[in-house]
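**Q**
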Amino acid sequence: MTTLPAVSELLALERVTVSLGRQSFGPFTLSIRPGEQVAILGPSGAGKSTLLKLLARELMPTSGQAHFDQRPLSDWSLADLSRRRAILPQSHEVAFGLPVELVIGLGRVARTYDSNLNSIVQQAAGQACAMHLLGRRFDTLSGGEKARVHMARVFAQLWDAEQGLLLVDEPLAALDPGLQFELMDAINTFASRRGHAILAILHDINQALQGFERLILIKHGKLVGDYQTSHVSLSLLEALYGVCLVCATTDEGELIVAPSLKRNVPA
Amino acid sequence: MSYVFNKQDENTPSSRRTFLGRMGAAVTVVCLPQLAFGNEAGKKTARRIVSVGGGLTEILYALGAEKELVGVDTTSLYPQAATKLPSVGYARALSSEGILALSPTLVIATEDAGPPAVLRQIVTAGVPVSVLSANDKFEGVIERVRHVGALIEQTTRASQLEAQLKQDWQRARAPILARKTSAPRVLFILSHSPAQIMVGGRKTSADAMIAYAGARNAVDGFDGFKPLTPEAVIAAQPDIVLFTEQGMSVVGGMDGALKLPGLAQTPAGQKRRIVAFEAMFMLGFGPRLPQALSALDQALSNAMQS
Amino acid sequence: MARTICGLPQQFASQPAWLLSLLLLLGIWAATAMGAVTVTWQDWLAVLQSSDQPLSGSAYVLWHLRLPRILFAVLIGATLALSGALAQGLFRNPLADPGLLGVTSGAACAAALTIVLLASSGIDVPVALRYWLLPTTAFAGAVAVCFILDTVARWLTADSIAGLLLAGIALNALAAAVIGLCTYLATDEQLRTLSFWTLGSLAGANWTLVGALLATLMLAFWALKQLTHTMNALALGEAAAAHVGVDVRALRVRVIMLVALLSGFAVAWCGMIGFIGLVAPHIVRLLVGPDQRRLAPLAMLVGAMLLLLADTAARTVAIPAEIPVGIFTALLGAPFFLVLLARMRRGV
């Protein structure tokens with residue numbers, strides 16, 4: 020595993036474990052540098068979401084150390100933390116049918132005085148391709164539209180921050196391919212301009228291979244691999260998911276991976 | 008025992024109420040009407056009475072005070088003329104402003120009257136409120152007749168009524184006391200709604216009436232009214248079931264009454280011995296008590312012979 | 423920004439606070455003219471002159487009975503509506519209200535226990551104390567329920583609103599059982615007092631109560647200004663609210679205490695008056711949307727107006743008698759709510 024100088028670490032986990040009922044996860048040891056784009060891959064139930072909750076401070080470690088920007092994660096106040104890291108949920112309902120601009124503005128609710136709120140809400144909505152949704156009630160939106168509004172909320176939250184962290188939980192799984200591409204692009208643009216790191220849980224192997232520079236592999240509640248994308252081999256992924264994969268390269272040199280229908284599962 | 012709400016009971020911090028303090032400590036029922044609400048001139052005018060309680064209204068009529076009566080509650084159903092008077096509503100949910108609007112000089116009420124805050128407000132407004140105890144005994148009726156007679160300054164008529172009542176009472180009680188047959192077991196059922204059916208235990212007005220009629224209350228394991236359970240009804244083995252007419256219609260008349268759970272397994276249910284009287288007549292403990300006793304005695308005797 | 427349902431005039435949507443306040447003032451003015459006793463302008467003059475002369479006749483009724491009663495109805499209406507709005511926001515559930523939480527029945531339960539246990543213990547309480555005893559225990563009951571609620575819910579599932587709601591349902595059932603037991607054990611005389619609690623009535627109004635309630639409500643309103651903004655974030659869910667920087671646990675404790683204070687006070691002095699806490703926030707949500715910052719104060723105005731209307735009807739429909747106010751809150755609240763619901767369905 021890569022060991023990096025401590026100074027440049029944005030987020031670092033050191034032998035962190037967590038117990039949920041009878042299940043225990045970890046130990047996880049990993050670090051994220053500012054501006055990095057990392058995907059977390061693994062089969063369902065492997066503990067991806069648990070890892071994300073640890074990083075988000077939604078779960079407190081049972082043992083081990085978690086640091087965010089050189090300070091123990093538990094020392095951060097929720098309000099301070101919210102100015103540096105944001106979480107884009109998998110899918111999310113909002114109670115009462117709040118108006119869209121209010122939902123987006125909630126990204127900045129921890130700031131007591133926020134004079135630029137309206138203009139930031141407008142710009143964040145623009146960045147998330149949600150301009151046309153302003154003025155509507157959240158509960159009248161379609162699934163894709165709701166995803167855009169939540170994205171705009173997250174953008175608003177980290178709009179004026181630098182070198183923050185964006186945690187993304189399978190945000191686009193249920194959306195059509197065109198929209199997936201558009202929104203992933205929006206996230207990348209937003210994050211790279213401000214030096215935010217992205218840590219995303221993904222189901223789509225191709226999306227991970229194409230859009231992320233580093234892959235973290237999780238299986239049975241353990242970290243089983245942490246690689247630069249270019250170093251990931253097909254057999255690693257086959258072992259991770261327990262299926263046979265085939266790959267093809269397009270004329271432009273893009274790699275496409277898909278489950279094989281002909282070959283048997285490797286032992 | 009009866010008592011009168013006194014002005015000193017009320018804490019009156021507002022400056023608007025300072026006048027109450029000057030009224031002094033010795034404000035009695037007798038002198039209050041002169042200072043009463045709506046009586047600005049201060050001179051003695053016609054007495055205006057609000058009566059809360061059917062039995063009290065009957066006494067007021069019996070004492071010839073019907074001209075002074077300006078309002079009654081929903082239980083004042085007898086005599087018929089009383090139902091024509093303005094109704095101050097349910098005795099437990101009175102309205103202070105509503106009662107004061109009738110410009111009364113005296114409010115006579117049973118212990119049921121309330122809420123307490125409303126009674127206090129009426130007293131504070133300068134109208135005396137006399138709360139008469141609900142003693143469900145013949146002596147209680149006599150006591151209330153005397154008390155009401157004193158309140159409306161009709162002591163002579165009250166004495167006459169008292170003598171008449173005592174005479175009627177002895178006439179009603181004499182055959183019962185002389186009787187040698189064993190006392191029938193009587194179960195009293197009270198119901199305000201089909202879902203709420205209660206039986207009368209000890210220390211209820213129904214228990215007193217049953218005893219006066221020479222019968223035995225079929226339930227004697229508890230005080231007051233308790234919900235009816237089929238097993239308790241069967242265990243009580245009543246010879247006769249006693250209803251109020253209002254309760255009888257709630258459960259669906261004679262047929263509905265016979266279908267009450269458990270009743271079919273009792274002598275009363277098997278022989279269809281069910282008796283009903285108008286509630287205020289039988290349980291009002293007003294001046295009609297002797298007649299009510301005679302009527303109940305008659306009905307119980309008839310039922311046992313059938 | 424907030425959208426309104428179709429068909430409402432635009433200025434109503436933009437300035438509802440002013441319009442509602444104006445309507446409420448008009449309502450208060452109209453209510454002072456209504457009642458069993460006829461009140462004239464001379465009575466107003468007598469009331470306004472600060473002379474030492476004792477008030478008499480209709481002026482007495484106006485100052486000592488009708489005015490405090492009207493203001494009491496307005497303040498209790500606002501109190502019930504505010505506690506309802508806060509509970510709904512906290513539980514992300516438009517059907518949540520202090521009744522659902524068990525707060526109301528907790529207060530009534532404490533009152534019932536006091537009535538029955540005090541009598542059987544044989545302790546003779548002085549008359550002056552008796553006047554304050556039941557309201558105090560009822561309020562204590564509301565606060566106790568809230569504390570139990572919070573502890574149990576945290577112990578069951580940390581920071582979960584579903585756990586809190588389930589604990590509320592359990593406490594409700596427990597309180598209902600205790601009240602039922604008290605009713606069974608009570609003597610006829612005690613039942614009379616218990617019935618006041620279950621019927622609900624504003625008949626006990628006086629200036630002292632109006633003052634105390636006004637102070638409570640102002641305190642709550644001040645606390646509210648700091649809460650409503652972050653309360654909006656609860657609509658995202660507890661996890662997401664924490665992600666955007668809201669200390670959910672602290673917020674929850676503060677809102678719960680506020681709800682306990684408001685509904686405990688209302689139950690203590692007026693018994694159980696239903697529908698206002700549920701309907702008033704609903705009506706406001708349909709008019710101006712769910713933003714807590716506008717919802718809470720406007721719900722207070724609407725609640726005040728609803729209870730004023732209901733109580734004025736209760737006072738005047740059957741003069742000189744009075745009809746339980748709960749009947750009118752249901753009669754007024756339920757159809758109004760249904761009409762608005764139907765309009766919203768068409769409008770959106």
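Residue numbers (our numbering), protein chains in the order written: chain A, 20 to 286; chain B, 8 to 313; chain C, 423 to 770. Every residue, glycine too, gets a C-beta built ideally from N, C-alpha and C.
Identify whether residue 503/C lies in helix, strand or coil by the three-state DSSP scheme.
**A** Along the third sequence, one-based indexing puts residue 503/C at 81. Helix at residue 503/C.
**Q** In the DSSP assignment, what are the bridge partners of residue 587/C?
**A** The count along the third sequence starts at 1 and reaches residue 587/C at position 165. Answer by DSSP bridge pairing: none, since residue 587/C is not bridged.
**Q** Measuring only the C-alpha atoms, how far is residue 185/A from residue 202/A?
**A** Taking the first sequence and counting its residues from 1, one reaches residue 185/A at position 166. Taking the first sequence and counting its residues from 1, one reaches residue 202/A at position 183. Answer to the nearest angstrom: the Cα atoms are 14 Å apart.
**Q** To which residues does DSSP link residue 218/A through a beta bridge?
**A** By one-based count along the first sequence, residue 218/A stands at place 199. Paired residue(s): 57/A and 186/A.
**Q** Counting C-beta neighbours from all protein chains within 10 Å, is the total for residue 290/B 16 or more, i.e. buried, or is it exposed?
**A** For this step, residue 290/B is matched to residue 283 along the second sequence. So residue 290/B counts as buried.
**Q** Report the residue from 610/C, 574/C and 685/C whose alpha carbon sits nearest the alpha carbon of residue 209/B.
**A** Along the second sequence, one-based indexing puts residue 209/B at 202. Answer by Cα proximity: 610/C.
**Q** Which of helix, strand or coil does DSSP assign to residue 296/B?
**A** Looking up residue 296/B in the second sequence gives position 289. In the structure shown, residue 296/B sits in a helix (DSSP, three-state: H, G or I).
**Q** Mind listing which residues of the stretch 656 to 686 of chain C have their C-beta closer than 9 Å to chain A's C-betas, in chain order?
**A** Here the close residues are 656, 657, 658, 659, 661, 662, 663, 664, 665, 666, 667, 668, 669 and 670.
**Q** Relative to the C-alpha of residue 222/A, which candidate in 235/A, 178/A, 84/A and 145/A has its C-alpha closest?
**A** Position 203 of the first sequence, counting from 1, holds the residue named residue 222/A. The candidate whose alpha carbon is nearest that of residue 222/A is 235/A.
**Q** Cutting at 6 Å between CB atoms, please list the residues of its own chain near residue 594/C, excluding the five before and the five after it.
**A** Taking the first residue of the third sequence as position 1, residue 594/C is located at position 172. Hits under 6 Å: 524 and 527.
**Q** If you check the beta carbons only, do residue 101/B and residue 125/B fall under 7 Å apart?
**A** By one-based count along the second sequence, residue 101/B stands at place 94. By one-based count along the second sequence, residue 125/B stands at place 118. Their beta carbons are under 7 Å apart, which means residue 101/B touches residue 125/B by this criterion.
**Q** Would you kindly work out how many angstroms separate the C-alpha atoms of residue 479/C and residue 67/B, rounded to a whole number?
**A** Taking the first residue of the third sequence as 1, we reach residue 479/C at position 57. Taking the first residue of the second sequence as 1, we reach residue 67/B at position 60. Their Cα atoms are separated by approximately 26 Å.
**Q** Leaving out five residues on either side along the sequence, give the residues of the same chain with a beta carbon under 8 Å from the beta carbon of residue 257/B.
**A** By one-based count along the second sequence, residue 257/B stands at place 250. Hits under 8 Å: 198, 199, 200 and 201.
**Q** Could you tell me whether the stretch 113 to 126 of chain A touches the stretch 74 to 82 of chain A, where touching means 3 or more Cβ pairs closer than 8 Å?
**A** Taking 8 Å as the limit for Cβ pairs, the verdict is that the stretch 74 to 82 of chain A does not touch the stretch 113 to 126 of chain A.
**Q** Of all Cβ atoms in chain C, is any one closer than 7 Å to the Cβ of residue 180/A?
**A** Locating residue 180/A in the first sequence gives position 161, where the first residue counts as 1. Chain C, which has no Cβ nearer than 7 Å to the Cβ of residue 180/A, makes this no.
**Q** To the nearest angstrom, report how far apart residue 693/C and residue 628/C are at their CA atoms.
**A** Against the third sequence, residue 693/C aligns to sequence position 271. Against the third sequence, residue 628/C aligns to sequence position 206. Their Cα atoms are separated by approximately 16 Å.
**Q** Distance check for residue 129/B and residue 107/B, CA to CA, integer angstroms please.
**A** Numbered from its first residue, the second sequence carries residue 107/B at position 100. Numbered from its first residue, the second sequence carries residue 129/B at position 122. Taking the straight line joining both Cα atoms gives about 7 Å.
**Q** Have a look at 205/B, 114/B and 144/B and flag the residue whose alpha-carbon is nearest the alpha-carbon of residue 132/B.
**A** Taking the first residue of the second sequence as position 1, residue 132/B is located at position 125. Closest by alpha carbon: 114/B.
**Q** On the DSSP letters alone, give me the boundaries of the beta strand (DSSP E) that residue 195/B sits inside.
**A** Numbered from its first residue, the second sequence carries residue 195/B at position 188. Where residue 195/B is concerned, the enclosing beta strand (DSSP E) stretches over 192 to 200.
**Q** Have a look at 152/A, 245/A and 189/A and flag the residue whose alpha-carbon is nearest the alpha-carbon of residue 171/A.
**A** Translated into positions along the first sequence, residue 171/A becomes position 152. Out of 152/A, 245/A and 189/A, 152/A has the C-alpha closest to the C-alpha of residue 171/A.
**Q** Using the Cβ count rule (16 or more neighbours within 10 Å means buried), how would you classify residue 660/C?
**A** Residue mapping note: residue 660/C aligns to position 238 of the third sequence, counting from 1. Result: buried.
**Q** Using the Cα positions of residue 231/A and residue 83/A, report the straight-line distance between them to the nearest angstrom.
**A** Walking along the first sequence from the start, residue 231/A turns up at place 212. Walking along the first sequence from the start, residue 83/A turns up at place 64. Roughly 27 Å separates the two Cα atoms.
**Q** Please determine, among 511/C, 542/C and 558/C, the residue with the shortest C-alpha to C-alpha distance to residue 530/C.
**A** Stepping through the third sequence from its first residue, residue 530/C is reached at position 108. Taking only the C-alpha atoms, the option nearest residue 530/C is 558/C.
**Q** Within 8 Å, do at least three Cβ pairs link the stretch 673 to 680 of chain C to the stretch 491 to 503 of chain C?
**A** Output reads no: the stretch 673 to 680 of chain C does not touch the stretch 491 to 503 of chain C.
**Q** Can you list, in chain order, the residues of its chain with a C-beta nearer than 8 Å to that of residue 295/B? Leave out the 5 residues immediately preceding and following it.
**A** In the second sequence, counting from the first residue as 1, residue 295/B sits at position 288. For residue 295/B, where only same-chain residues beyond five positions count, the Cβ hits under 8 Å are 65, 85 and 288.
**Q** Among the candidates 709/C, 690/C and 715/C, whose CA atom is the shortest distance from the CA of residue 646/C?
**A** As a first step, residue 646/C must be located in the third sequence, where it is residue number 224. Among 709/C, 690/C and 715/C, the Cα nearest to that of residue 646/C belongs to 715/C.
**Q** Looking only at its own chain, which residues have a Cβ that is under 7 Å from the Cβ of residue 459/C, when we skip the five neighbours before and after it?
**A** Here residue 459/C is taken as the residue at index 37 of the third sequence, counted from 1. These residues qualify, in order along the chain: 480 and 483.
**Q** Is there at least one Cβ from chain C nearer than 7 Å to residue 149/A's Cβ?
**A** In the first sequence, counting from the first residue as 1, residue 149/A sits at position 130. Chain C contact via Cβ: absent.
**Q** Of all the residues that make up the stretch 91 to 121 of chain A, which are near chain C by a beta-carbon distance shorter than 9 Å?
**A** Under the 9 Å Cβ criterion, the stretch 91 to 121 of chain A contributes 96, 97, 98, 99, 100, 101, 102, 104, 105, 106, 108, 111, 112, 113, 114, 115, 116, 117, 118, 120 and 121.
**Q** If you measure between the beta carbons of residue 503/C and residue 698/C, is that distance less than 7 Å?
**A** On the third sequence, position 81 is the one that residue 503/C refers to. On the third sequence, position 276 is the one that residue 698/C refers to. Contact: yes.
**Q** Excluding the 5 residues preceding and the 5 following residue 485/C in the sequence, name in chain order all residues of the same chain whose CB lies nearer than 6 Å to its CB.
**A** On the third sequence, residue 485/C is found 63 positions in, with the first residue counted as 1. So the qualifying residues of the chain are 469 and 477.
**Q** Is residue 289/B close to chain C, meaning its C-beta is less than 7 Å from at least one C-beta of that chain?
**A** Position 282 of the second sequence, counted from the first residue, corresponds to residue 289/B. No, its Cβ sits nowhere closer than 7 Å to a Cβ of chain C.
**Q** Measure the alpha-carbon distance for residue 507/C versus residue 760/C and round it to whole angstroms.
**A** Walking along the third sequence from the start, residue 507/C turns up at place 85. Walking along the third sequence from the start, residue 760/C turns up at place 338. Each residue's Cα considered, the two are about 18 Å apart.
**Q** Checking contacts by CB at 7 Å: is residue 626/C closer than that to chain B?
**A** In the third sequence, counting from the first residue as 1, residue 626/C sits at position 204. Yes, residue 626/C lies at the interface with chain B (some Cβ there is under 7 Å from its Cβ).
**Q** Checking contacts by CB at 7 Å: is residue 711/C closer than that to chain A?
**A** Taking the third sequence and counting its residues from 1, one reaches residue 711/C at position 289. Judged by the 7 Å Cβ criterion, residue 711/C is in contact with chain A.
**Q** Let me check understanding here. Comparing Cα to Cα, which of 622/C, 657/C, 534/C and 695/C lies closest to residue 520/C?
**A** Taking the third sequence and counting its residues from 1, the one referred to as residue 520/C is at position 98. It is 695/C.
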